[in-house]
Amino acid sequence: MMINKMTFKEIVEARRSIRKFDTEHAFKHETVEKALRLALLSPNSSNLQTWEFYRVKSADKLKLLSEACLNQGAARTASEMVVFVSRQDLWKQRANWNAQQIKNKIGERTELTKREKRGIHYYESMMKLFYDNSLWPLNSIIRQLVLAWRVVNGKPMMRFTRRNDSKVVSNKSLAIAAQTFMLAMKDQDYDTCPMEGFDSVWVRKILNLPKSADVSIIVVCGKGLPEGVTNERLRLSYDEVVFDV
Ligand SMILES: Cc1cc2nc3c(=O)[nH]c(=O)nc-3n(C[C@H](O)[C@H](O)[C@H](O)COP(=O)(O)O)c2cc1C
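Position 241 of the sequence shown, counting from 1, maps to 241 under UniProt numbering, and the rest follow consecutively.
Here it is, written out as structure tokens:
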């Protein structure tokens with residue numbers, strides 16, 4: 001049994017985007033499940049978990065998907081690919097799920113705590129203001145009016161009026177989950193490459209996803225070859241991008 005002695009710092013430092021994997025390696029697919037289980041613990045917006053993860057393992061699907069990934073070397077040699085999909089369209093279902101978790105805790109009790117009342121109100125009513133697009137463009141107009149009212153009264157408010165704003169929210173959570181996943185793979189001595197270089201319409205078709213699903217990022221996985229590291233790790237200096245205010 002391999003005992004991994006890497007510290008968190010070492011894992012972060014060792015992770016690189018790998019462009020060529022060992023196609024002869026007997027990849028342990030169970031490591032992907034372990035890493036995804038950790039990715040599910042990632043922080044996510046309002047705990048809505050508007051995400052889905054599609055594991056692609058079969059040779060024929062991997063070939064199709066690597067074509068959709070513009071035949072990039074990392075995709076062509078990957079042992080497994082995980083497609084991180086944003087399902088912002090499922091916001092209502094997931095909001096109801098969260099409200100239900102609070103109600104399950106309450107059970108038969110008739111006296112609700114302030115926190116419980118606030119939680120149920122948030123998931124059952126407040127969410128609609130931000131995510132409900134069923135009466136578009138009326139939803140946007142309502143949001144703009146609420147925003148204008150807050151601004152006139154000198155109050156802050158999330159500038160959240162367009163349909164694309166909720167798309168961004170969901171994709172942020174997926175990006176965080178992808179990072180948890182990649183570090184968890186590295187912790188198990190495997191390598192990854194995150195990809196946005198793909199044709200999303202092709203990917204949706206290959207995975208049979210509805211139009212409302214948004215392919216966020218594809219993480220290709222495998223045993224990295226030394227030549228899979230194609231460039232030096234260059235970063236702007238700390239002082240150029242970090243500001244004490
Ligand atoms: C959102 C995102 C999309 C990326 N898309 C691709 C891609 O399509 N193909 C690729 O080879 N690398 C892709 N990368 C990897 C970056 O090029 C890489 O992270 C960057 O050059 C830094 O290198 P490092 O990951 O080895 O530290 C992507 C990274 C991110 C975060």
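No residue lacks a Cβ here, since even glycine has one placed at the ideal position from N, Cα and C. Being a predicted model, the structure only gives us computed values, none of them experimental.
{"Check": "Report yes if the C-beta of ARG16 is less than 7 Å from at least one heavy atom of ligand 1; otherwise report no.", "Outcome": "yes"}
{"Check": "In this structure, how does DSSP classify VAL220 when only helix, strand and coil are distinguished?", "Outcome": "strand"}
{"Check": "Does the separation of the CB atoms of ALA184 and LEU38 fall below 8 Å?", "Outcome": "yes"}
{"Check": "Since ASP22 is in the alpha helix (DSSP H), which residue starts that stretch and which ends it?", "Outcome": "Here ASP22 belongs to no alpha helix (DSSP H), and DSSP marks it neither H nor E."}
{"Check": "Restricting to runs no shorter than 3 residues, where is the beta strand (DSSP E) found entirely within the region 158–221?", "Outcome": "191–195"}
{"Check": "Who does VAL12 pair with in a DSSP beta bridge?", "Outcome": "According to DSSP, VAL12 bridges with nothing at all."}
{"Check": "Quick one: what's got a C-beta closer than 7 Å to LEU112's C-beta in the same chain, skipping five residues either side?", "Outcome": "ILE106"}
{"Check": "Bridge partners for PHE84 per DSSP, in chain order?", "Outcome": "PHE53, ILE217"}
{"Check": "Exposed or buried, what is ASP191 when buried is set at 16 or more other beta-carbons lying within 10 Å of its beta-carbon?", "Outcome": "buried"}
{"Check": "Flag GLN188 as yes when its Cβ comes closer than 7 Å to any non-hydrogen atom of ligand 1, and as no otherwise.", "Outcome": "no"}
{"Check": "Determine contact between the region 201–209 and the region 67–76, defined as no fewer than three beta-carbon pairs at a distance below 8 Å.", "Outcome": "yes"}
{"Check": "Name the DSSP bridge partner or partners of SER45?", "Outcome": "DSSP, once it has assigned bridges, lists no residue as partnering SER45."}
{"Check": "Looking only at its chain, what residues have a beta carbon closer than 6 Å to the beta carbon of LEU209, apart from the 5 residues adjacent to it on each side?", "Outcome": "none"}
{"Check": "Does ligand 1 have a heavy atom nearer than 7 Å to the CB of GLU30?", "Outcome": "no"}
{"Check": "Start and end of the alpha helix (DSSP H) containing LYS128?", "Outcome": "127–131"}
{"Check": "Would the C-beta of GLU67 count as close to ligand 1, meaning under 7 Å from any of its heavy atoms?", "Outcome": "no"}
{"Check": "According to the neighbour-count rule (16 or more other Cβ atoms, all chains shown, within 10 Å of its Cβ), is LYS155 buried or exposed?", "Outcome": "exposed"}
{"Check": "Determine the DSSP secondary structure at SER66, reduced to helix, strand or coil.", "Outcome": "helix"}
{"Check": "Over the uninterrupted alpha helix (DSSP H) stretch that includes THR77, give me the two end residues.", "Outcome": "73–77"}
{"Check": "On the three-pair Cβ rule with 8 Å, is the region 24–36 touching the region 58–65?", "Outcome": "no"}
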